[in-house]
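Q:
As structure tokens, this is what we get:
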């Protein structure tokens, strides 16, 4: 734990990060930006896992291991997302959400 | 970071006596950073000079020998020249990223330098996951190259940056895995403890066959990761001008340049630490004089640096596809098998201990 | 000391996160995100989870960000600027996010956390043992599942990114055979 | 005896229909013909096996034929009022199975030759199979509702087959006409069914037809406008039967239905579907007989007699041979109705019922034969009209002989089939109602006359100049002709009273020689007259036509019934009733509905933006929803 810093402050910071991620997810119009916002959201939650593990249950490691798994899943997800985006770009020469909407017609 | 250098302990005590605890810590951090910057600059310049002299020697010519004794001040003069040069840039470049890129490269090199144990007490940051930290830091450096290439708004730079990115990401695996092979013997990631283990014999001896394989892979992959010949596709002059730093001039160019040499030094230093006992003297002949560890460390490192320069001036450049083939089809499988072999050796306790 | 560092890190993270989701330049936004991730790694260093911090740096900074930069390099031109949402949408989203943040914070501050004072350092060996343990509370099964997932993702990514080309190639070879 | 396997008889054609219908484009025409014939052959073999089992092995107990029912509940309303699906085996359904199977099989075989080269060959066989399925379902139905379902299915198949040459406007019009007219009649049928269901509480034939059952014993319990409710129901049901069987005044669709391919005419509009009306009355015969002392049955008798006479008169003057045959069919159907109408219930009293069924059986054979023969002729000369024919006996010997046999059969000349059945009808009529008897005799004479008029017209008379020399039809067409001719010869010798009777008990029926002699004599007179008029070319016919003058013209224009219908429907109904109602419907009823529809469209247009397909919008909705719910919960908790 960090001397002089209570868990509330850290959770506040992660909450703020989380909602910044949500804001980005909703307002951005580009697939890559959306992907980045998702990463932000994921990271905010990962910090929560780690912080709660450290502050409340320092003898255990579940939080750390969970965050490791989340990071692994995030890596897999990003690899797939990037490959999809690149494939999409090859087909329609754009990664804007509004252009991808053509698929729904 | 609180574990400061032993040699600065005196300074620490003195600082603490004249100001508050926090301020003393702060001033101490600044001082250490300045020391490392100094090391960085001097080592970088010196390495450039060595490179040039070695190149000249390989090519049977003289090399810089006019400025100072045997041209020792040559690179210093070059640095002064670069400092005084105009900083040019392309019109439509993304200025923010364009300026940011060199610092990325420099800062990551510096951070890597911080964990390297020059001698028992000359180590800024003895973190308990030292090697992992080195791997992590070295993977960030490539971002600077990518940024520099892209934000220059120049197609050669972009291609160079892409090549560099591909190359670094690929060879990172081999670097990491070959170091991991050695971790199997040491059982720790902390660099100081790794050296401690080697008091029974350097790891390259302890681990014999797999250790030698791992060392060779590490040297190849390390050379590739620093974008040096024969893996210098990122800045292949004959194809791309100067690669990702085509559009840089003056000091910014110097940063890239220095960082490249410092990275080479860092690779050599890691190899020294992990394979050749770091600051340990051969057979413990100078155990009694701790400060001589710096000499031994630098001697071993310089030998490896010379080895890498030897590569550079000996081997022809690879093509991109050959480069990737080498990594993914040969080095990586070999590395994985090597780990299994090393695991077997550790399990069956076939380690050679002196 | 640590307090100051934490506040600096928190400031960096929040400022760059905001910059990341509002910047109109693609690659800058990615770099801001990188700063946020590095800040997070810094927080991990601060709470003495060094291994996690190094993993964060390696995977996120060295892997994911580089991948994203690659995709940006492939699909984006330097002069392109991102479209931004309509102001009305921005405002509504901001309000919703602030409301949600308020809900989060009230909930967090209303809860009494049972903080345990402990300054044990977690070593890599402990994590590794726990991860590969098959006793109660061991994580060997998720570990294996994750490894399969990563393999699947790797294969999938290659196939997705390559799919069209393969088709074209087979098409071409058919044409040439005719 | 378990007759549940009977269900296969309708299901095989259904399977064939689905196969041919779904893979219409995939199947080669030749193959589809074989599939159709094979399917029908299976059903036919099953039918004959069933008939053998029923009539000779299991069906009769103590001289009375039993009724076997295999059914499953489909819809259940009350204890008795429920709708089942199943098969009912009794003498008339088994007899109908044989009729349908035989004629349908012959028509299938015949069609393979007749329809060769047609574009819709596969489709044609698919429709034929559909029709066969429907007809089997109709004759095997266990209750009024089931019979109604298959009744309409038969109507649909008939519609499809009449309109088979859908590129011909007249065919389309005829199909529509047939559908609408029968539909109109079926409305009566449906109301009749509902009345029956309401007053008797059941649809089941077994319960309805039981002479000791509630339905028959308590017929007088309810009355409406001077008649019992059941009588009204039966009259309405007969309306449906009259529509299907082309009784006056619903007869107008049948002549037009001849626009369909000739095999279709033979199968549907001569032998099977049109007798559905007769079958329906026969099916409900105990009700008709017992309720109100046979009031409804009298109506059946008079309508039948009148239709018979009416159609026979019109048939004399028609020049299209298929139309002659159509009116002849109508006339013969009237004969059957007439026979049912004069029938009693017990023993020898039930002679009319037996005779009607007998005539149905024999008529199916020789009328199908006549149509198929006509088809063969049309196939050869490519025309429907008598004036394009003549002297064909040299070119088409088989057709000629078989047609002659059929004509003799229908004219009631012994020993052909028609003689026996017609004789029984006349005997029954003579015993019950002399007026109807005389009509019957007169119609018999007319029948012989018009039949031989076209016979001589086609095969004798002056040889027309043919563009291409007519030739005998292929074996696939002549084979059915020969089979049916054989049946037309020997059909009469079947002791029908041993099998099909009103009360299901067998009795001995004998020829009544004096009456038979009268009938045969009248028939022979008709034939001789026809011989005089048409054997050699002369102007006697024209003279006679001039002699009758106006009456002749009326007759050849079918007494202007089509025109009357048109006038009534178009001028009176359409202008005075339908148009205002339609206007009201369009303006107010439709307007309301459309208003609702438009408002719905408008609303959806406004709110469709919510369904944008962007995951971000959904994400926003999700977040906003979560926040709102969380706020509500926090509010609830803090208070």
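Residue numbers (my numbering), protein chains in the order written: chain B, -14 to 90; chain U, 326 to 679; chain C, 25 to 202; chain H, 8 to 646. Note that the Cβ used here is the ideal one computed from N, Cα and C, for glycine as well.
Could you run through the stretch 444 to 461 of chain U and flag, in chain order, every residue whose CB is less than 7 Å away from some CB of chain C?
A: So the list reads 452, 453, 454, 457, 458, 460 and 461, given in the order they occur along the chain.
Q: According to the neighbour-count rule (16 or more other Cβ atoms, all chains shown, within 10 Å of its Cβ), is residue 576/H buried or exposed?
A: Numbered from 1 along the fourth chain, position 569 holds the residue referred to as residue 576/H. Exposed.
Q: Counting only C-beta atoms, is residue 27/C closer than 9 Å to chain B at any point?
A: Numbered from 1 along the third chain, position 3 holds the residue referred to as residue 27/C. It does: the Cβ of residue 27/C has a partner Cβ on chain B nearer than 9 Å.
Q: With 16 as the cutoff for other CB atoms within 10 Å, does residue 509/U come out buried or exposed?
A: Against the second chain, residue 509/U aligns to sequence position 184. Looking at its Cβ environment, which holds 16 or more other Cβ atoms inside 10 Å, residue 509/U is buried.
Q: Just to confirm the assignment: which complete alpha helix (DSSP H) runs, minimum length 4, are found wholly within the stretch 405 to 462 of chain U?
A: As far as the stretch 405 to 462 of chain U is concerned, its whole alpha helix (DSSP H) runs of at least 4 residues are 420 to 439.
Q: Do you know how far the Cα of residue 156/H is from the Cα of residue 302/H?
A: By 1-based counting over the fourth chain, the position of residue 302/H is 295. By 1-based counting over the fourth chain, the position of residue 156/H is 149. C-alpha separation (whole angstroms): 27 Å.
Q: Roughly how many angstroms separate the alpha carbons of residue 428/H and residue 590/H, rounded to a whole number?
A: Sequence index remark: in the fourth chain, residue 428/H carries index 421 (1-based). Sequence index remark: in the fourth chain, residue 590/H carries index 583 (1-based). Those two C-alpha atoms are separated by around 54 Å.
Q: Short of 8 Å in beta carbon distance, which residues of its chain neighbour residue 202/C, apart from the five on each side in sequence? Order them along the chain.
A: Taking the third chain and counting its residues from 1, one reaches residue 202/C at position 178. Model confidence at residue 202/C stands at a pLDDT of 47, short of 50, so the residue's coordinates are unreliable; what they give is reported in the following sentence. Cβ neighbours of residue 202/C beyond the five flanking positions: none.
Q: Between which two residues does the alpha helix (DSSP H) carrying residue 540/U extend?
A: In the second chain, residue 540/U corresponds to position 215, counting from 1. Residues 533 to 550.
Q: Closest to residue 364/H by C-alpha separation, out of 245/H, 80/H, 168/H and 292/H, would be which residue?
A: One-based indexing of the fourth chain puts residue 364/H at position 357. Ranking 245/H, 80/H, 168/H and 292/H by Cα distance to residue 364/H puts 292/H first.
Q: Near residue 396/U, which residues of its chain fall below 6 Å by C-beta distance, leaving aside the five closest residues on each side in sequence?
A: Taking the first residue of the second chain as position 1, residue 396/U is located at position 71. Correct list, in chain order: 389 and 390.
Q: Apart from the five residues on each side of it in sequence, which residues of its chain come closer than 6 Å, Cβ to Cβ, to residue 593/U?
A: Indexing the second chain from 1 puts residue 593/U at position 268. Counting only Cβ-Cβ distances below 6 Å, and skipping sequence neighbours, we find 626, 629 and 630.
Q: Whose Cβ in chain C lies nearer than 7 Å to the Cβ of residue 641/H?
A: Here residue 641/H refers to the residue found at position 634 when the fourth chain is read from its first residue. Within chain C, the residues near residue 641/H are 127 and 130.
Q: Would you mind giving the Cβ-Cβ distance between residue 532/U and residue 676/U, rounded to the nearest angstrom? I have them listed as a contact below 8 Å.
A: On the second chain, position 207 is the one that residue 532/U refers to. On the second chain, position 351 is the one that residue 676/U refers to. Right, their Cβ atoms sit about 7 Å apart.
Q: Cutting at 7 Å between CB atoms, please list the residues of its own chain near residue 577/U, excluding the five before and the five after it.
A: Here residue 577/U refers to the residue found at position 252 when the second chain is read from its first residue. If we look at residue 577/U and ignore the five residues flanking it on each side, its Cβ neighbours are 412 and 427.
Q: Rounded to whole angstroms, what is the Cα-Cα separation between residue 31/H and residue 13/B?
A: The residue labelled residue 31/H in the question sits at position 24 within the fourth chain. The residue labelled residue 13/B in the question sits at position 28 within the first chain. Each residue's alpha carbon lies about 54 Å from the other.
Q: What do you get for residue 585/U, buried or exposed, if any count of 16 or more other CB atoms within 10 angstroms of its CB means buried?
A: In the second chain, the residue the question calls residue 585/U occupies position 260. The residue is buried, with at least 16 neighbouring Cβ atoms inside 10 Å.
Q: For a cutoff of 9 Å on Cβ pairs, would you count residue 611/H as touching chain B?
A: Locating residue 611/H in the fourth chain gives position 604, counting from the first residue. Chain B contact via Cβ: absent.
Q: So, helix, strand or coil for residue 283/H, using DSSP?
A: On the fourth chain, position 276 is the one that residue 283/H refers to. Reduced to three states, the DSSP call for residue 283/H is helix.
Q: Going by DSSP in three states, residue 253/H sits in which element: helix, strand or coil?
A: Translated into positions along the fourth chain, residue 253/H becomes position 246. The answer is coil: DSSP assigns residue 253/H none of H, G, I, E or B.
Q: By Cβ distance, which residues of its chain are closer than 7 Å to residue 129/H, with the 5 residues on each side in sequence left out?
A: For this step, residue 129/H is matched to residue 122 along the fourth chain. Contacts found: 27, 31, 34, 36 and 39.
Q: Considering only residues of the same chain and omitting the five flanking positions on each side of residue 518/H, which have a CB-CB separation below 8 Å?
A: The count along the fourth chain starts at 1 and reaches residue 518/H at position 511. The answer, listed in chain order, is 427 and 430.
Q: Under 8 Å Cβ to Cβ from residue 327/U, same chain only, skipping five residues before and after it: list those, please.
A: Within the second chain, numbered from 1, the residue matching residue 327/U stands at position 2. Residue placement at residue 327/U is flagged as unreliable, the pLDDT there being 40, under the threshold of 50; the coordinate-derived value follows with that caveat. Counting only Cβ-Cβ distances below 8 Å, and skipping sequence neighbours, we find 350.
Q: Hey, is residue 635/H's beta-carbon within less than 9 Å of any beta-carbon in chain B?
A: Start at 1 with the first residue of the fourth chain, and residue 635/H comes out as number 628. No, residue 635/H lies away from the interface with chain B (no Cβ there is under 9 Å from its Cβ).
Q: Expressed to the nearest angstrom, what Euclidean distance is found between the alpha-carbon atoms of residue 507/U and residue 54/B?
A: The sequence position of residue 507/U within the second chain is 182, counting from 1. The sequence position of residue 54/B within the first chain is 69, counting from 1. Roughly 25 Å between the two C-alpha positions.
Q: Is DSSP giving residue 235/H helix, strand or coil here?
A: Translated into the one-based positions of the fourth chain, residue 235/H becomes position 228. Residue 235/H: strand per DSSP, three-state reduction.
Q: Which residues bound the beta strand (DSSP E) around residue 83/H?
A: Residue numbering aside, residue 83/H sits at position 76 when the fourth chain is read from its first letter. It spans 75 to 83 - the beta strand (DSSP E) in which residue 83/H sits, taken as one unbroken run.
Q: Need the endpoints of the alpha helix (DSSP H) that residue 624/H sits in, please.
A: Residue 624/H sits at position 617 when you count from the first residue of the fourth chain. 622 to 645 is the span of the alpha helix (DSSP H), which, as asked, contains residue 624/H.
Q: Using the rule of at least 16 other Cβ atoms within 10 Å of the residue's Cβ for burial, across every protein chain shown, is residue 241/H buried or exposed?
A: For the purposes of this step, residue 241/H is taken as the residue at position 234 of the fourth chain. The residue is buried, with at least 16 neighbouring Cβ atoms inside 10 Å.
Q: Quick one, which residues of the stretch 65 to 82 of chain C are near chain U if we go by CB-CB under 7 Å, in chain order?
A: Against chain U - using a Cβ distance shorter than 7 Å - the residues of the stretch 65 to 82 of chain C are 74, 75, 78, 81 and 82.
Q: What in chain C is Cβ-close to residue 680/U, meaning under 8 Å?
A: Limits of chain U in this structure are 326 at one end and 679 at the other, which puts residue 680/U out of reach.
Q: Using a beta-carbon distance below 9 Å, is residue 62/C in contact with chain B?
A: Here residue 62/C is taken as the residue at index 38 of the third chain, counted from 1. Judged by the 9 Å Cβ criterion, residue 62/C is not in contact with chain B.
Q: As a quick exercise: from 477/U, 591/U and 600/U, pick the residue whose alpha carbon is nearest that of residue 526/U.
A: Counting from 1 along the second chain, the entry for residue 526/U is found at position 201. The shortest C-alpha separation from residue 526/U is found at 600/U.
Q: Going by beta-carbon coordinates alone, are residue 67/H and residue 60/H separated by less than 9 Å?
A: By one-based count along the fourth chain, residue 67/H stands at place 60. By one-based count along the fourth chain, residue 60/H stands at place 53. No.
Q: Taking only beta-carbon atoms, is residue 614/H less than 9 Å away from chain B?
A: By 1-based counting over the fourth chain, the position of residue 614/H is 607. No, residue 614/H lies away from the interface with chain B (no Cβ there is under 9 Å from its Cβ).
Q: Between residue 617/H and chain C, is the shortest Cβ-Cβ distance under 9 Å, so that the two count as touching?
A: As a first step, residue 617/H is located in the fourth chain; it is residue number 610 there, counting from the start. No - not a single Cβ of chain C is within 9 Å of the one on residue 617/H.
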